[in-house]
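These protein sequences, in sequence, are chains A and B. Here the first sequence is numbered in our numbering, starting from 127 and rising by one per residue. Here the second sequence is numbered in our numbering, starting from 127 and rising by one per residue. Working notes for the structure below.
Number of protein chains: 2
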Amino acid sequence: MTDLFLLGAGAFSPIEGFQGSKEVWSVARDFRLNSGLLWSIPLLLLAGEEAQAWKEGSPVLLLDEESRPVGVLHLEEKFSLSKPEYAELIFRTRDDKHPGVGWLYGAGDVALAGKVSVFPGWRPHAYDGYSSIPEETRKEIRQRGWSRVAGFQTRNPIHRAHEYVLKVALEVSDGILIHPLVGETKSDDIPADVRLRCYEALIRNYFVPERTLLALYPTWMRYAGPREAIFHALVRKNYGCSHFIVGRDHAGVGKYYGPFEAQEIFRQFPPEELGIEPIFFDQVFFCRVCGGMASNKTCAHGAHARVELSGTEVRAMLQKGILPPPEFSRAEVAQILVDSMKAPQNGSPQPSKRS
Amino acid sequence: MTDLFLLGAGAFSPIEGFQGSKEVWSVARDFRLNSGLLWSIPLLLLAGEEAQAWKEGSPVLLLDEESRPVGVLHLEEKFSLSKPEYAELIFRTRDDKHPGVGWLYGAGDVALAGKVSVFPGWRPHAYDGYSSIPEETRKEIRQRGWSRVAGFQTRNPIHRAHEYVLKVALEVSDGILIHPLVGETKSDDIPADVRLRCYEALIRNYFVPERTLLALYPTWMRYAGPREAIFHALVRKNYGCSHFIVGRDHAGVGKYYGPFEAQEIFRQFPPEELGIEPIFFDQVFFCRVCGGMASNKTCAHGAHARVELSGTEVRAMLQKGILPPPEFSRAEVAQILVDSMKAPQNGSPQPSKRS
Numbered sequence: 127m128t129d130l131f132l133l134g135a136g137a138f139s140p141i142e143g144f145q146g147s148k149e150v151w152s153v154a155r156d157f158r159l160n161s162g163l164l165w166s167i168p169l170l171l172l173a174g175e176e177a178q179a180w181k182e183g184s185p186v187l188l189l190d191e192e193s194r195p196v197g198v199l200h201l202e203e204k205f206s207l208s209k210p211e212y213a214e215l216i217f218r219t220r221d222d223k224h225p226g227v228g229w230l231y232g233a234g235d236v237a238l239a240g241k242v243s244v245f246p247g248w249r250p251h252a253y254d255g256y257s258s259i260p261e262e263t264r265k266e267i268r269q270r271g272w273s274r275v276a277g278f279q280t281r282n283p284i285h286r287a288h289e290y291v292l293k294v295a296l297e298v299s300d301g302i303l304i305h306p307l308v309g310e311t312k313s314d315d316i317p318a319d320v321r322l323r324c325y326e327a328l329i330r331n332y333f334v335p336e337r338t339l340l341a342l343y344p345t346w347m348r349y350a351g352p353r354e355a356i357f358h359a360l361v362r363k364n365y366g367c368s369h370f371i372v373g374r375d376h377a378g379v380g381k382y383y384g385p386f387e388a389q390e391i392f393r394q395f396p397p398e399e400l401g402i403e404p405i406f407f408d409q410v411f412f413c414r415v416c417g418g419m420a421s422n423k424t425c426a427h428g429a430h431a432r433v434e435l436s437g438t439e440v441r442a443m444l445q446k447g448i449l450p451p452p453e454f455s456r457a458e459v460a461q462i463l464v465d466s467m468k469a470p471q472n473g474s475p476q477p478s479k480r481s
Numbered sequence: 127m128t129d130l131f132l133l134g135a136g137a138f139s140p141i142e143g144f145q146g147s148k149e150v151w152s153v154a155r156d157f158r159l160n161s162g163l164l165w166s167i168p169l170l171l172l173a174g175e176e177a178q179a180w181k182e183g184s185p186v187l188l189l190d191e192e193s194r195p196v197g198v199l200h201l202e203e204k205f206s207l208s209k210p211e212y213a214e215l216i217f218r219t220r221d222d223k224h225p226g227v228g229w230l231y232g233a234g235d236v237a238l239a240g241k242v243s244v245f246p247g248w249r250p251h252a253y254d255g256y257s258s259i260p261e262e263t264r265k266e267i268r269q270r271g272w273s274r275v276a277g278f279q280t281r282n283p284i285h286r287a288h289e290y291v292l293k294v295a296l297e298v299s300d301g302i303l304i305h306p307l308v309g310e311t312k313s314d315d316i317p318a319d320v321r322l323r324c325y326e327a328l329i330r331n332y333f334v335p336e337r338t339l340l341a342l343y344p345t346w347m348r349y350a351g352p353r354e355a356i357f358h359a360l361v362r363k364n365y366g367c368s369h370f371i372v373g374r375d376h377a378g379v380g381k382y383y384g385p386f387e388a389q390e391i392f393r394q395f396p397p398e399e400l401g402i403e404p405i406f407f408d409q410v411f412f413c414r415v416c417g418g419m420a421s422n423k424t425c426a427h428g429a430h431a432r433v434e435l436s437g438t439e440v441r442a443m444l445q446k447g448i449l450p451p452p453e454f455s456r457a458e459v460a461q462i463l464v465d466s467m468k469a470p471q472n473g474s475p476q477p478s479k480r481s
């Protein structure tokens with residue numbers, strides 16, 4: 127239902143509703159809306175057998191996961207979708223072990239299309255003090271007088287490598303939008319409220335707050351790799367960004383995409399069609415010889431000089447209460463992660479969460 | 127005479143000769159060539175009383191500082207220049223303590239204009255292995271397959287702050303052109319051959335050589351601040367750069383220009399007229415709290431956390447044989463500077479210099 131919220135908020139502009147069969151296949155095959163504009167991942171609403179009773183031309187009440195009414199779909203078209211063909215085009219695989227494909231196969235078989243109306247005041251995955259509305263973020267950017275703004279997609283705590291990427295982007299911009307995905311993520315991801323405290327600590331201790339904006343992107347990961355990189359960029363354009371950071375294997379999962387495919391795909395489209403400029407990064411790490419953060423582009427000292435830890439290694443350290451080395455993670459951030467893992471899994475305090 | 131060489135080599139394209147009175151004043155007043163194209167500092171040839179004998183329409187043989195013939199001026203116009211008015215427009219001051227104004231007042235009173243022919247093979251301030259010809263540098267850039275190339279103007283050894291600026295620019299580009307000015311500089315500047323050895327050591331030890339190109343820009347500093355920043359950028363476009371790094375007080379001297387005037391001036395001209403995109407940097411330093419290089423844009427820890435040394439302090443350390451701290455300068459670079467200061471001032475070996 128986060129798609130509904132974002133449709134209503136204009137995050138997927140110029141798309142105003144769940145897409146019909148013609149546009150879904152046009153996006154899937156040619157990266158084009160019916161209008162000819164660029165788009166990369168269709169907005170699909172898949173329902174089960176109950177949808178057989180709903181009539182084209184009628185309104186359908188939409189409920190959230192807790193069965194609260196959140197909006198109305200003005201049903202224009204019902205159609206069935208060839209899921210394997212769709213999966214092949216969007217995810218480049220039909221393998222249901224891919225989480226995006228798994229979601230697709232597990233969803234209902236009836237696709238519903240039409241414009242949507244969202245009930246006012248409903249904000250899924252809301253946290254006090256942080257906006258998830260594109261218009262609000264754009265207004266804040268305008269008020270700060272920024273014209274070059276780099277957007278950063280994240281669903282993880284920000285470690286030194288991410289901090290480096292953000293700071294490089296900031297050096298060549300007026301400001302940065304740290305824009306965490308706070309919708310449904312994988313079950314082993316760090317909860318959004320913990321991540322928010324990490325972001326706050328990092329900004330407070332290691333950034334210039336006037337140059338940094340933290341806002342929310344309440345959505346779910348498709349893990350569609352290259353296509354999702356384009357999708358993430360187009361959405362961040364709607365949130366007011368002029369630039370968008372694309373790292374290695376952006377929005378990838380497992381070995382489904384090559385490490386630079388999510389960067390290469392941008393070259394297929396002329397800059398004026400994208401309307402937002404990607405900033406690409408290679409592998410980033412702390413290099414002991416450089417004595418600082420670097421990437422494959424700026425450092426040739428090789429792996430033996432690098433402080434690199436796998437996600438599994440970091441998780442194991444944090445769970446044991448050990449802070450990763452400062453070359454990998456700021457102590458202020460690592461401490462929040464250690465504390466959050468000590469807290470009881472249920473009943474852990476989330477004072478600022480509203481829904 | 128380096129202007130002659132660069133004119134012949136196409137570094138000042140589309141300008142093909144020393145400019146006539148109409149174009150000189152058009153550039154000085156309106157930043158425009160007679161064709162309407164953007165330019166910021168006129169190319170002037172000022173001669174003394176001997177020029178009275180030369181006739182418009184005739185060729186004039188041009189000699190270098192050692193009286194060797196280096197080219198021919200096809201004299202089209204002789205005119206006298208109101209130096210105070212010119213100084214005010216170009217340097218924003220009539221003060222002859224300003225080195226650019228001092229040069230102007232000290233030069234002859236007869237301005238000579240016309241296209242030039244340069245005798246082949248003459249390369250002022252040449253060092254083996256390094257090109258100063260725009261066409262050669264462009265060819266090298268093409269062969270490396272770079273499309274985003276950031277140019278870096280320097281007349282000093284590269285310390286950590288410059289290295290940071292270069293590496294940030296490199297992270298968002300395909301490659302960088304380190305383009306030292308090797309013409310006449312101030313007498314207290316480090317000699318070009320010593321600087322070249324510093325650049326080589328830095329690239330070898332701290333850069334990815336395939337991403338770094340070192341070539342020469344044999345010219346003299348005007349110290350015209352904002353106007354010279356534009357001039358430096360337009361010239362680097364001719365050397366194949368898509369981007370140009372502009373730091374604090376670029377091409378400034380003393381207190382004649384504000385620290386960001388050389389950046390602000392770029393906003394007067396639309397990007398398509400410039401044809402090269404500036405990358406601006408604020409003050410850069412090592413911050414002990416960040417544990418790395420940073421700038422006013424990315425670090426708010428304040429002056430007490432910074433490792434900053436004045437040029438005078440660094441010079442004093444080097445002259446005593448003391449290496450500045452590694453947060454300020456790479457040891458490999460500092461050692462070359464210390465050794466060069468130990469060497470006898472005259473007769474110091476300059477094996478690779480050709481002219």
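Cβ coordinates follow ideal geometry from the N, Cα and C atoms, glycine included.
Determine the chain A residues that contact residue i at a beta-carbon separation under 8 angstroms, and present them in chain order.
i        : result
Val294/B : Val294, Glu297 and Val298
Pro397/B : The premise fails here: Pro397/B is roughly 12 angstroms from chain A at the closest Cβ pair, so nothing lies under 8 angstroms.
Phe407/B : Glu297
Ser421/B : Glu297
For residue i, which option in the options has the closest C-alpha, if you only look at C-alpha atoms?
i        : options                                   : result
Val410/A : Glu176/A, Glu453/A, Tyr382/A and Gly136/A : Glu453/A
Asp315/A : Arg155/A, Trp151/A, Ser466/A and Asp156/A : Ser466/A
Asp300/B : Gln461/B, Ser368/B and Phe392/B           : Ser368/B
Leu322/A : Phe357/A, Lys363/A, Asp254/A and Tyr290/A : Asp254/A
Glu297/A : Gln389/A, Phe333/A and Lys446/A           : Phe333/A
Ala350/A : Leu171/A, Thr219/A, Glu182/A and Asn331/A : Thr219/A
Ser147/A : Lys209/A, Val361/A and Trp229/A           : Lys209/A
Met104/A : Val150/A, Leu169/A and Ile329/A           : Residue 104/A lies beyond the residue range present for chain A, which begins at 127 and ends at 481; the question has no answer from this structure.
Ala327/A : Asp156/A, Glu149/A, Leu188/A and Ala460/A : Ala460/A
Glu262/A : Asp190/A, Leu188/A, Tyr365/A and His200/A : Tyr365/A
Pro260/B : Ala426/B, Ser139/B and Pro195/B           : Ser139/B
Gly197/B : Asn422/B, Leu172/B, Leu159/B and Asp129/B : Asp129/B
Arg374/A : Arg330/A, Asn422/A, Ile402/A and Pro195/A : Asn422/A
Ala426/A : Phe412/A, Leu435/A and Thr438/A           : Phe412/A
Name, please, each residue of chain B whose Cβ falls closer than 8 angstroms to the Cβ of residue i.
i        : result
Ser166/A : By Cβ distance, chain B contributes nothing, its closest Cβ being about 23 angstroms from Ser166/A, past 8 angstroms.
Arg432/A : Chain B residues near Arg432/A: none, gap ~14 angstroms exceeds 8 angstroms.
At a threshold of 7 angstroms, does residue i count as lining the ligand FMN (C-beta to nearest heavy atom)?
i        : result
Arg264/A : As presented, the structure is devoid of all ligands, the ligand FMN included, so that no description of it is given.
Chain B partners of residue i, CB-CB under 7 angstroms?
i        : result
Ala460/A : By Cβ distance, chain B contributes nothing, its closest Cβ being about 14 angstroms from Ala460/A, past 7 angstroms.
Ala426/A : Val334
Given that residue i touches chain B, what residues does it touch there, using C-beta distances under 9 angstroms?
i        : result
Thr128/A : Residues of chain B passing the Cβ test: none, with the nearest at roughly 32 angstroms.
Ser455/A : None at all; the shortest Cβ gap to chain B is about 12 angstroms.
Return the bridge partner residues of residue i from the DSSP annotation.
i        : result
Thr280/A : Pro306/A
Cys413/A : Gly418/A and Arg432/A
Thr338/A : Ile302/A
His200/B : Pro185/B
Val153/B : DSSP lists no partner for Val153/B.
Pro195/B : Leu189/B
Strictly below 9 angstroms CB to CB, what residues from chain A border residue i?
i        : result
Pro488/B : Residue 488/B lies beyond the range of chain B shown here (127 to 481); nothing can be said about it.
In chain A, what lies closer than 7 angstroms to residue i by C-beta?
i        : result
Cys416/B : Tyr332
Query raised in the report: Would you say the region 258–266 of chain B touches the region 334–351 of chain B, given that touching needs at least three Cβ pairs under 8 angstroms?
Result: yes
**Report entry** Chain-ordered residues of the region 368–392 of chain B with a beta carbon less than 8 angstroms from chain A
**Finding:** Taking 8 angstroms as the Cβ-Cβ cut-off against chain A, none of the residues of the region 368–392 of chain B qualify.
Requested in this report: Would you be able to state if there are at least three C-beta pairs under 8 angstroms between the region 175–186 of chain B and the region 228–244 of chain B?
Outcome: Touching, per the Cβ criterion.
Query - Contact list for the region 274–285 of chain A against chain B, Cβ threshold 7 angstroms - result: none
Query - the region 132–139 of chain A / the region 200–208 of chain A touching (three or more Cβ pairs under 8 angstroms) - result: no
Query raised in the report: Taking three-plus beta-carbon pairs below 8 angstroms as touching, is the region 389–400 of chain B in contact with the region 269–283 of chain B?
Result: no
Query raised in the report: How about the region 217–227 of chain A and the region 375–384 of chain A: do they share at least three Cβ pairs that are nearer than 8 angstroms?
Result: yes
Report task. Report yes or no: do three or more beta-carbon pairs, one from the region 272–284 of chain B and one from the region 385–392 of chain A, lie closer than 8 angstroms? Result -> no
Report task. Could you run through the region 335–357 of chain B and flag, in chain order, every residue whose CB is less than 9 angstroms away from some CB of chain A? Result -> Pro335, Glu336 and Arg337
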